[in-house]
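Just so we're aligned, residue 389 is where the sequence shown starts under the working numbering, counting upward by one.
All C-beta atoms in this analysis are idealised placements derived from N, C-alpha and C, irrespective of residue type, glycine included.
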Amino acid sequence: MTVAAAKGGVGKTTLAYELAYLLQAPLVDLDWDRGGATRQWGYRHEDRMRAPLLDALERGGVPKPVRGVRKPDLVPSHPDLADNQPAPEDMADALTKWAGEWGGDYVVIDTHPGGVPSTFAAMSVAAVVVVPTILATKELEALEGMLDELPDYPLLIAPNKVPPAPPAAQVTKLTRLVQHAGVKVAPVVSNYTWLPRRQIRVALTSYDPEPARIQPLASELRALTEAVRTYGR
Ligand SMILES: Nc1ncnc2c1ncn2[C@@H]1O[C@H](COP(=O)(O)OP(=O)(O)OP(=O)(O)O)[C@@H](O)[C@H]1O
Ligand SMILES: [Mg+2]
389 MTVAAAKGGV GKTTLAYELA YLLQAPLVDL DWDRGGATRQ WGYRHEDRMR APLLDALERG
449 GVPKPVRGVR KPDLVPSHPD LADNQPAPED MADALTKWAG EWGGDYVVID THPGGVPSTF
509 AAMSVAAVVV VPTILATKEL EALEGMLDEL PDYPLLIAPN KVPPAPPAAQ VTKLTRLVQH
569 AGVKVAPVVS NYTWLPRRQI RVALTSYDPE PARIQPLASE LRALTEAVRT YGR
C-alpha cells in the first residue's frame with residue numbers, strides 16, 4: 389500500500405506511520421527529506437554505518453526493517469536517495485521482491501511529494517494508493533491534476549485535517565472530483581491542532597489505555613485502516 393499525494397504537507401507521513409502500525413506492516417520510507425517517517429521514528433542515518441535502503445537497492449538484497457516499541461517496523465530513508473533513485477521499473481521490482489521476502493499481508497510505503505520516479509514506482513506496485521487530501525483550494529487543484537494524470541491507479545482518497553465545519557464549496561469540489569474520476573473516498577480524519585509536528589514519537593494508535601485527547605483521532609485512524617483493508621481485498 390502506498391501513501392502518495394501531488395502536494396506536500398497533507399499528512400502522508402502521519403497516515404502512513406499509523407497505517408503501518410495498525411496493519412503490522414513494514415513502513416518503507418521513500419521520502420529523503422528531513423521531517424519524514426524516518427526522523428519521526430527516531431532513526432538518525434548520521435549515527436549509522438549502513439543505509440539499508442540504498443544498500444539493498446544497490447546490491448539487490450532485501451533490507452531488514454528496524455524494529456521499535458509502539459512504532460511500525462521501518463526501512464529508513466536516506467538523503468542520498470534524492471540523487472540515487474533507481475529507474476521506476478527497478479524500484480518497482482525491488483519493492484515487489486521485498487514484500488515477497490517479508491511475507492506479511494501488507495507493506496506501507498511513504499513517498500516524496502509529487503511525481504518523482506520512486507513515487508511512481510511505489511504507486512505502480514500498490515494494491516491501494518492512499519491519497520491524503522486537505523479540503524483547501526490548492527490541495528484540491530493538485531488532487532484534480534493527479535486524478536487527471538493517474539486514472540488507472542487504485543486510489544483511495546483520504547480527507548485529512550478536516551475542520552468541524554468544512555467549507556461547503558470545497559466539499560462540493562471534492563465530491564465532484566471523485567465522482568468524475570470514479571475513485572473511492574475513505575472515512576475522514578479530522579483536524580487535530582495539537583498534533584505534534586515532526587518530533588520523535590510512538591504511533592498515535594499505540595496507547596493503551598488511550599488518553600481522552602487521542603481517542604477520537606485513534607478511532608478515525610482505525611476506521612481509515614479498515615477502509616484500506618476492505619479496498620485492498
Ligand atoms: N489530521 C491532522 N490534524 C492536524 N495536523 C495534522 C493532521 N495530519 C497531519 N498533520 C500535521 O500536518 C503536518 C504535515 O503532515 P505530514 O508530515 O504527515 O505530511 P506529509 O504529506 O508527509 O508532508 P511532506 O510532503 O513534507 O512529506 C505535520 O505537522 C502533521 O503533524
Ligand atoms: Mg512526509
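Residue i to residue j span [Cα, whole Å]
i: Arg455; j: Ala615; result: 26 Å
i: Val463; j: Lys452; result: 7 Å
i: Lys459; j: Leu410; result: 10 Å
i: Leu484; j: Arg564; result: Leu is not the amino acid found at residue 484; the sequence shown has Thr there. In a straight line, the C-alpha of Thr484 is about 34 Å away from that of Arg564.
i: His433; j: Trp490; result: 22 Å
i: Ser594; j: Tyr431; result: 19 Å
i: Leu543; j: Ala470; result: 25 Å
i: Gln428; j: Leu415; result: 12 Å
i: Asp461; j: Arg621; result: 23 Å
i: Glu446; j: Glu537; result: 30 Å
i: Leu442; j: Ala557; result: 44 Å
Option nearest residue i by Cα separation, candidates the options
i: Val496; options: Asp596, Lys400 and Gln603; result: Lys400
i: Ala530; options: Arg438, Lys395, Val391 and Met389; result: Lys395
i: Asp421; options: Gln412, Glu446, Trp486 and Pro467; result: Pro467
i: Arg436; options: Asp481, Ser465 and Tyr541; result: Ser465
i: Gly397; options: Asn472, His433 and Pro501; result: Pro501
i: Gly424; options: Gln412, Val450, Gly448 and Ala392; result: Ala392
i: Pro575; options: Tyr595, Arg617 and Thr581; result: Arg617
i: Tyr580; options: Leu543, Ala556 and Ser607; result: Ser607
i: Thr426; options: Val590, Tyr619 and Pro597; result: Val590
i: Gly503; options: Gly492, Thr525 and Gly533; result: Gly533
C-beta contact flag for residue i and residue j at 7 Å
i: Ala569; j: Leu535; result: yes
i: Glu477; j: Leu609; result: no
i: Ala548; j: Val577; result: The amino acid occupying residue 548 in the given sequence is Asn; Ala does not appear at that position. Yes; because the gap between Cβ atoms is below 7 Å, this pair is in contact.
i: Leu528; j: Lys561; result: yes
i: Leu403; j: Pro520; result: yes
i: Val566; j: Ile545; result: yes
i: Arg554; j: Leu523; result: Per the sequence shown, residue 554 should be read as Pro rather than Arg. It is a contact, given that the beta carbons lie within the stated cut-off.
i: Met479; j: Ala509; result: yes
i: Ala413; j: Tyr541; result: no
i: Val457; j: Trp486; result: no
Classification of residue i by the beta-carbon crowding that lies within 10 angstroms, buried from 16 upward
i: Met389; result: buried
i: Ile588; result: exposed
i: Leu583; result: exposed
i: Ala600; result: exposed
i: Ala408; result: buried
CB-CB length for residue i against residue j, believed under 8 Å
i: Ala444; j: Ala475; result: The Cβ separation is near 15 Å, so there is no contact.
i: Asp498; j: Leu605; result: Not quite, the Cβ-Cβ distance comes to about 19 Å (not below 8 Å), so this is no contact.
i: Leu592; j: Ile602; result: 6 Å
i: Ser506; j: Gln473; result: 5 Å
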